[in-house]
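Taking it in order: structure first as structure tokens, then the write-up.
Residue numbers (my numbering): 6 to 63.
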């Protein structure tokens, strides 16, 4: 279960994206269960992709 992992374990298993994963988990934990996605966009250029997602907490 994800909630039982330590920061160290997440860093070891998620690698370079571990910090981003932790930030997503914190952000999602701060929203209520009724939050809804109001905008989602992903841009895939030739190299690194970029994503944006906007939630509204009702």
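All C-beta atoms, glycine included, are put in the ideal place defined by N, C-alpha and C. If you're wondering where the values come from, they're calculated on a predicted model, not measured in any experiment.
Item                                                                                                                                                              : Value
By DSSP's criteria, residue 58 is part of a beta bridge. Which residues make up the other side?                                                                   : 45
Between residue 63 and residue 57, what straight-line distance do the alpha-carbon atoms span, to the nearest angstrom?                                           : 20 Å
So, with DSSP's three-state summary, where would you put residue 26?                                                                                              : helix
Going by beta carbon distance, what residues of the same chain come within less than 7 Å of residue 39, once the five residues before and after it are set aside? : 63
Per DSSP, what kind of secondary structure is residue 7 in: helix, strand or coil?                                                                                : helix
Roughly how many whole angstroms lie between the Cα atoms of residue 8 and residue 27?                                                                            : 11 Å
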